[in-house]
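Input: a single structure, listed below in structure tokens.
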Amino acid sequence: MRLVRRRYSVAGRRVGRLRVARSGDRIELSGIQLLPRAQDRGIGTAVIEELKAEAAADGVCLDIGVEKDNPRARRLYERLGCVQVGEDEQEHKLRWYPPAPR
Numbered sequence: 010m011r012l013v014r015r016r017y018s019v020a021g022r023r024v025g026r027l028r029v030a031r032s033g034d035r036i037e038l039s040g041i042q043l044l045p046r047a048q049d050r051g052i053g054t055a056v057i058e059e060l061k062a063e064a065a066a067d068g069v070c071l072d073i074g075v076e077k078d079n080p081r082a083r084r085l086y087e088r089l090g091c092v093q094v095g096e097d098e099q100e101h102k103l104r105w106y107p108p109a110p111r
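Yeah, the sequence shown ends on 111 if you go by the numbering used here, and it's all consecutive.
Structure (structure tokens):
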């Protein structure tokens, strides 16, 4: 599995960070943090949509862990088509499935 860390900037100002792990059978959003001034601007949605497009092109699932004390993030992921597939003490485990091939 390959882990990629990336810092996000808007207009030259740092707004957050992203960690994505990729393997042959899935993409995992390992962490996304946006500074408060960058929230509610569509950045998180754009990141998830980009990862979904990559997953669809590769024919793999997108996995996301969301902390149980972050219902706002969970609502975002569910709005974008993710469903809960499990949980542990700290996180809900969500997954987005690519469309079935035609």
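Heads up, the beta-carbon is just placed ideally off N, CA and C, and yes, glycines get one too.
Checklist entry - By Cβ distance below 8 Å, which residues in the same chain neighbour Gly25 in space, the five residues on each side in sequence not counted? => result Within the sequence shown, numbered from 1, the residue matching residue 25 stands at position 16. Cβ contact annotation for Gly25 (same chain, cutoff 8 Å, sequence separation greater than five): Arg16, Tyr17, Ile41, Gln42, Leu43, Leu44, Ala47 and Ile52, in chain order.
Next on the checklist: By alpha-carbon positions, which one of Ala64, Leu60 and Val56 ends up nearest to Pro110?
Outcome noted: Here the question's residue 110 lines up with position 101 in the sequence shown. That would be Ala64, whose Cα lies nearest to the Cα of Pro110.
Item to check | Runs of alpha helix (DSSP H) lying entirely within the region 53-100, each at least 4 residues, in chain order | outcome: The region 53-100 contains these whole alpha helix (DSSP H) runs: 80-88.
Next on the checklist: Once the 5 residues before and after Val75 are set aside, which same chain residues still bring their CB inside 7 Å of it?
Outcome noted: Looking up residue 75 in the sequence shown gives position 66. Here Val75 has Ala82, Arg83, Tyr86, Glu100, His101 and Leu103 as same chain residues with Cβ atoms under 7 Å from its own Cβ, once five neighbours each way along the sequence are excluded.
Item to check | Straight-line gap, Pro107 to Arg23 (C-alpha atoms, nearest Å) | outcome: For the purposes of this step, residue 107 is taken as the residue at position 98 of the sequence shown. For the purposes of this step, residue 23 is taken as the residue at position 14 of the sequence shown. Cα-Cα distance, rounded: 31 Å.
Item to check | Three-state secondary structure (DSSP) of Arg50 | outcome: Translated into positions along the sequence shown, residue 50 becomes position 41. In the three-state DSSP reduction, Arg50 falls in the coil class, being neither helix nor strand.
Checklist entry - Between the C-alpha atoms of Val94 and Lys61, what's the straight-line distance to the nearest angstrom? => result Indexing the sequence shown from 1 puts residue 94 at position 85. Indexing the sequence shown from 1 puts residue 61 at position 52. Rounded to the nearest angstrom, the two C-alpha atoms are 17 Å apart.
Next on the checklist: Short of 6 Å in beta carbon distance, which residues of its chain neighbour Leu89, apart from the five on each side in sequence? Order them along the chain.
Outcome noted: Translated into positions along the sequence shown, residue 89 becomes position 80. Ile57, listed in sequence order.
Checklist entry - If you follow the beta strand (DSSP E) that Leu38 is part of, which residue opens it and which one closes it? => result Taking the first residue of the sequence shown as 1, we reach residue 38 at position 29. Counting along the chain, the beta strand (DSSP E) containing Leu38 begins and ends at Arg35 to Leu43.
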